[in-house]
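**Student:** Just dropping this structure here.
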Amino acid sequence: WSACTSKVTKLCDLQPDDTICSVAWTQRGSYLAVGTNLGEVQIWDVAAPRCTRTMSGHRTRVGTLAWSSALLSSGSRDRNILQRDVRAPQDFQTKLQGHKSEVCGMKWSYDDKELASGGNDNHLFVWGNQTSTNALHKFTQHTAAVKAISWSPHQHGLLASGGGTADRCIRFWNTTTGTPLSCMDTGSQVCNLAWSKNVNEVVSTHGYSQNQIIVWRYPSMSKLATLTGHTLRVLYLAVSPDGQTIVTGAGDETLRFWNVFPGPKSQSSIPDQSVWSLGRTQIR
Numbered sequence: 217w218s219a220c221t222s223k224v225t226k227l228c229d230l231q232p233d234d235t236i237c238s239v240a241w242t243q244r245g246s247y248l249a250v251g252t253n254l255g256e257v258q259i260w261d262v263a264a265p266r267c268t269r270t271m272s273g274h275r276t277r278v279g280t281l282a283w284s285s286a287l288l289s290s291g292s293r294d295r296n297i298l299q300r301d302v303r304a305p306q307d308f309q310t311k312l313q314g315h316k317s318e319v320c321g322m323k324w325s326y327d328d329k330e331l332a333s334g335g336n337d338n339h340l341f342v343w344g345n346q347t348s349t350n351a352l353h354k355f356t357q358h359t360a361a362v363k364a365i366s367w368s369p370h371q372h373g374l375l376a377s378g379g380g381t382a383d384r385c386i387r388f389w390n391t392t393t394g395t396p397l398s399c400m401d402t403g404s405q406v407c408n409l410a411w412s413k414n415v416n417e418v419v420s421t422h423g424y425s426q427n428q429i430i431v432w433r434y435p436s437m438s439k440l441a442t443l444t445g446h447t448l449r450v451l452y453l454a455v456s457p458d459g460q461t462i463v464t465g466a467g468d469e470t471l472r473f474w475n476v477f478p479g480p481k482s483q484s485s486i487p488d489q490s491v492w493s494l495g496r497t498q499i500r
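So in this note's numbering, spot 284 of the sequence shown is number 500, and the numbers just go up one at a time.
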């Protein structure tokens, strides 16, 4: 989907016995990684458009992908994370093992030095540099699957994670010291988290039971806006490059665009933050 033209372009079809389980843009946005149900990872040149590479290594579906420069991390239902340097001829260089169930969420830190991964085993791992196979930290406080993960762009080593239906909590961690910081019970399943790069705020999307989207101010975790409209759980979230717009996808088969964050220079020019928050519920 092009933000400039609103044009939708079909990129690819998989074989009849395969389906797409995850997608992730490179940081520059010219290549797209695609994870499949059969355990493949494909790299697509979107401008061409053509598949430039297909990599194996997983035994079953690849549900989460995360880029760090030329390194692509893939997490699978086979409980493994594979680190792939897409410039190298091998399909993967290292295998990270620790999760006891499907890896369902992953994010690299902004300095590309730490990888956070969440699993259906309710565990959150933080892994070190790109060649290490040992976890730096293992957090076990969540009581449901950890799919929602986001690093703060404002504070080094600040990590947010969200738990599933039996947990409902957003937790914050200091990965420099390996300590928990705070916990907020949101009242419903946490499906995604994203930190604003323009202001110190976090957006969360939710499933059972309210299927809502909430914008929070950090660190007070006061609610700035609650956005409703989706009728089933909000499983997918992406933030626009300028950091102002989010798009959400849900089980109701709709994509919805929301104007939730101010631009990079807007914060100082907003005299009343509460008045600004009222305008955020508009769908763009």
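Quick reminder that beta carbons are idealized off the backbone N, C-alpha and C, glycines included.
Predicted model, so just to flag it, every value in this text is computed and none were measured.
Whose CA, out of Gly373, Ser368, Cys399, Trp432, lies closest to the CA of Asp383?
**Tutor:** Cys399
**Student:** For the candidate residues Trp432, Gln243, Thr442, whose alpha-carbon lies nearest to that of Ala376?
**Tutor:** Trp432
**Student:** With DSSP run on the structure shown, which of helix, strand or coil describes Val476?
**Tutor:** coil
**Student:** Taking 8 Å as the threshold, find out whether the stretch 267-281 comes into contact with the stretch 294-312 through three or more Cβ pairs.
**Tutor:** yes
**Student:** Just the Cα atoms here: how many angstroms apart are Val239 and Thr381?
**Tutor:** 24 Å
**Student:** With which residues is Asn296 paired in a DSSP beta bridge?
**Tutor:** As a beta-bridge residue in DSSP terms, Asn296 pairs with Gln313.
**Student:** Give the secondary structure of Gly279 by DSSP, where H, G and I count as helix, E and B as strand, and everything else as coil.
**Tutor:** strand
**Student:** In the DSSP assignment, find the beta strand (DSSP E) that holds His422 and state where it starts and stops.
**Tutor:** 417-422
**Student:** Tell me whether the beta-carbon of Asn336 lies closer than 9 Å to the beta-carbon of His353.
**Tutor:** no
**Student:** What residues are listed by DSSP as bridge partners for Gln426?
**Tutor:** According to DSSP, which records beta bridges pairwise, Gln426 is partnered with nothing at all.
**Student:** For Phe388, name the three-state secondary structure that DSSP assigns.
**Tutor:** strand
**Student:** Jot down the residue ranges of each uninterrupted beta strand (DSSP E) in the stretch 448-473, minimum 3 residues, whole runs only, in chain order.
**Tutor:** 452-455, 461-465
**Student:** Since Val406 and Ser366 are thought to touch, with beta carbons under 8 Å apart, how far apart are those beta carbons, to the nearest angstrom?
**Tutor:** Contact doesn't hold; Cβ gap of about 11 Å is too wide.
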